[in-house]
Amino acid sequence: MLILNKAAGLFPKPSKRKIYEFLRSFNFHPGKQFLHKLVLGIETSCDDTAAAVVDETGNVLGEAIHSQTEVHLKTGGIVPPVAQQLHRENIQRIVQEALSASKVCPSELSAIATTIKPGLALSLGVGLSFSLQLVNQLKKPFIPIHHMEAHALTIRLTNKVEFPFLVLLISGGHCLLALVRGVSDFLLLGKSLDIAPGDMLDKVARRLSLVKHPECSTMSGGKAIEHLAKQGNKLHFDLKPPMQHAKNCDFSFTGLQHVVDKLITQKEKEEGIEKGHILSSAADIAAAVQHTTACHIAKRTHRAILFCKQKGMLSQSNAVLVVSGGVASNLYIRKALEIVTNATQCALLCPPPRLCTDNGIMIAWNGVERLRAGVGILHDTEGIRYEP
Ligand code: KG4
Ligand code: ZN
Numbered sequence: 001m002l003i004l005n006k007a008a009g010l011f012p013k014p015s016k017r018k019i020y021e022f023l024r025s026f027n028f029h030p031g032k033q034f035l036h037k038l039v040l041g042i043e044t045s046c047d048d049t050a051a052a053v054v055d056e057t058g059n060v061l062g063e064a065i066h067s068q069t070e071v072h073l074k075t076g077g078i079v080p081p082v083a084q085q086l087h088r089e090n091i092q093r094i095v096q097e098a099l100s101a102s103k104v105c106p107s108e109l110s111a112i113a114t115t116i117k118p119g120l121a122l123s124l125g126v127g128l129s130f131s132l133q134l135v136n137q138l139k140k141p142f143i144p145i146h147h148m149e150a151h152a153l154t155i156r157l158t159n160k161v162e163f164p165f166l167v168l169l170i171s172g173g174h175c176l177l178a179l180v181r182g183v184s185d186f187l188l189l190g191k192s193l194d195i196a197p198g199d200m201l202d203k204v205a206r207r208l209s210l211v212k213h214p215e216c217s218t219m220s221g222g223k224a225i226e227h228l229a230k231q232g233n234k235l236h237f238d239l240k241p242p243m244q245h246a247k248n249c250d251f252s253f254t255g256l257q258h259v260v261d262k263l264i265t266q267k268e269k270e271e272g273i274e275k276g277h278i279l280s281s282a283a284d285i286a287a288a289v290q291h292t293t294a295c296h297i298a299k300r301t302h303r304a305i306l307f308c309k310q311k312g313m314l315s316q317s318n319a320v321l322v323v324s325g326g327v328a329s330n331l332y333i334r335k336a337l338e339i340v341t342n343a344t345q346c347a348l349l350c351p352p353p354r355l356c357t358d359n360g361i362m363i364a365w366n367g368v369e370r371l372r373a374g375v376g377i378l379h380d381t382e383g384i385r386y387e388p
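Numbering (UniProt numbering), first residue to last: 1 to 388.
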């Protein structure tokens with residue numbers, strides 16, 4: 001049963017006419033038989049409007065995504081009402097594209113799965129509202145999805161990974177280490193006490209004005225830092241990894257962000273450069289931040305692996321560490337994690353980059369996993385709320 005909390009959001013009343021017209025537009029492949037169960041997944045928790053149709057065996061039949069990154073880069077961060085408006089403008093088209101690409105008629109779906117938590121309230125509301133209109137019109141089961149669960153289970157779509165496994169989720173909004181014991185059975189081992197690593201990298205990139213750098217103008221903050229770091233010397237600045245003496249698996253990135261902020265201000269003075277212009281030492285700063293971030297993430301993960309092995313919660317010889325989220329696409333951070341997994345006889349697995357970041361496939365796949373396990377499938381959507 002879905003747990004509702006007081007902060008849960010309400011959504012506007014569905015427009016029946018709009019959804020009816022939407023459904024009427026699907027008149028292809030009459031009578032085509034699908035052998036497997038089919039799940040439509042819808043994701044709008046942050047700044048990507050995404051949808052996909054995945055079958056029971058993990059075949060991705062169709063997908064579509066609209067990214068808002070470019071718009072939010074211009075405003076220097078996500079403005080929730082802007083994100084909401086863009087989701088509203090794109091959701092119908094994106095779901096339609098995913099369904100059309102899959103050649104599946106909405107009536108042939110076995111269930112609709114949608115992210116309902118956690119995320120931005122205004123963004124979650126658009127996806128949930130749209131999904132509930134579809135669910136009610138089509139009389140299909142609804143599967144509410146926890147965004148982090150979906151990230152964690154994605155690896156089982158691409159690789160044969162059995163429970164339990166360790167998962168490290170690192171992105172702009174998430175930072176956690178958990179032991180995944182089953183489809184909805186997670187043991188949280190550590191989390192960020194403040195901001196997520198991607199958020200910190202985005203803030204540093206913004207402070208360095210990397211959006212004005214000719215090579216980085218269209219890149220996310222984290223990607224820009226990775227790109228520039230290749231041209232820099234990571235040892236030029238001595239940044240200390242956070243929480244070196246904390247005996248747990250938690251993370252922290254705000255302190256590092258403040259230290260780097262001060263360093264940039266000092267360098268601006270030294271180089272006689274005004275805020276908003278690019279420092280000659282930007283690449284060295286990017287390299288040092290990336291290195292320190294990688295060290296911090298690797299050390300906390302090492303600790304979690306040792307803890308789980310010691311407690312017999314992970315196999316001594318066949319343990320698996322799954323790393324996902326936007327920051328997991330950083331090859332320097334992956335290399336640091338590879339050193340950790342080699343030293344602890346663990347296998348390191350990362351979903352392909354397009355499945356590391358937010359997408360509709362992971363939501364549909366989480367729906368399939370829940371359908372197969374028979375958990376969290378709702379036939380009555382009364383009282384369903386999103387949870388920011
Ligand atoms: O998973 P994601 O698409 O969205 C959520 O935050 O949920 O991750 C986006 C984050 C951003 O903070 C972005 O700067 C970061 O992932 N990112 C990277 C890289 N590519 C994206 N961070 C480090 N290195 C990268 N190559
Ligand atoms: Zn995410």
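For every residue, glycine included, the Cβ atom is placed at its ideal position computed from N, Cα and C. Just so we're clear, the structure is a prediction, and the values are computed from it rather than from any experiment.
According to the Cβ coordinates, are residue i and residue j closer than 9 Å?
| i | j | result |
| --- | --- | --- |
| residue 224 | residue 196 | no |
| residue 372 | residue 143 | no |
| residue 321 | residue 279 | no |
| residue 328 | residue 334 | yes |
| residue 93 | residue 126 | no |
| residue 368 | residue 62 | no |
| residue 121 | residue 98 | no |
| residue 346 | residue 364 | no |
| residue 326 | residue 190 | no |
| residue 198 | residue 171 | yes |
| residue 277 | residue 212 | yes |
| residue 40 | residue 106 | yes |
| residue 123 | residue 47 | yes |
| residue 141 | residue 377 | yes |
| residue 110 | residue 37 | yes |
| residue 68 | residue 49 | yes |
| residue 78 | residue 130 | no |
| residue 96 | residue 15 | no |
| residue 220 | residue 73 | yes |
| residue 381 | residue 337 | no |
| residue 386 | residue 128 | yes |
Go through its chain and collect everything with a Cβ distance to residue i's Cβ below 7 Å, but skip five positions before and after it.
| i | result |
| --- | --- |
| residue 60 | 52, 54, 361 |
| residue 261 | 207 |
| residue 85 | none |
| residue 6 | Here the model assigns residue 6 a pLDDT of 36, short of 50, so the residue's position is not dependable and the matter cannot be decided. |
| residue 351 | 154, 155, 158, 324 |
| residue 396 | No answer is possible for residue 396: it lies beyond the span of the chain, which begins at 1 and ends at 388. |
| residue 81 | 122 |
| residue 288 | 234, 236, 237, 239 |
Whose C-beta lies closer than 6 Å to the C-beta of residue i among residues of the same chain, with five residues either side of it excluded?
| i | result |
| --- | --- |
| residue 2 | Annotation note: pLDDT 33 at residue 2 (below 50); position unreliable, no value reported. |
| residue 19 | 133, 137 |
| residue 286 | 225, 228, 229, 232 |
| residue 167 | 152, 178, 180, 322 |
| residue 176 | 169, 191 |
| residue 293 | 197 |
How should residue i be labelled, buried or exposed, when 16 other C-beta atoms within 10 angstroms of its C-beta is the threshold for buried?
| i | result |
| --- | --- |
| residue 234 | buried |
| residue 151 | buried |
| residue 187 | exposed |
| residue 248 | exposed |
| residue 272 | exposed |
| residue 379 | exposed |
| residue 258 | exposed |
| residue 117 | buried |
| residue 398 | The requested residue 398 does not occur in the structure, where the chain is confined to residues 1 to 388. |
| residue 4 | In this prediction, residue 4 scores a pLDDT of 34, lower than 50, which makes its location untrustworthy; no coordinate-derived value is stated. |
| residue 112 | buried |
| residue 310 | exposed |
| residue 374 | exposed |
| residue 244 | exposed |
| residue 164 | buried |
| residue 290 | buried |
| residue 305 | buried |
| residue 270 | exposed |
| residue 108 | buried |
| residue 21 | exposed |
| residue 43 | buried |
Are the C-beta atoms of residue i and some chain D residue less than 9 Å apart?
| i | result |
| --- | --- |
| residue 82 | In the displayed structure, chain D is absent; only one protein chain is listed. |
So, at 8 Å on beta carbons, what are the nonlocal neighbours of residue i in its own chain, with the 5 sequence-adjacent residues on each side left out?
| i | result |
| --- | --- |
| residue 66 | 48, 49, 50, 86, 90, 93, 94 |
Below 8 Å, how does it come out for the segment 312-323 and the segment 251-259: are there three or more Cβ pairs, yes or no?
Between the segment 312-323 and the segment 251-259, the count of C-beta pairs closer than 8 Å stays below three; the two stretches do not touch.
Taking one C-beta from the segment 180-187 and one from the segment 226-244 each time, how about it: are there three or more such pairs within less than 8 Å?
no
Counting Cβ pairs closer than 8 Å, one from the segment 153-162 and one from the segment 351-365, do we hit at least three?
yes
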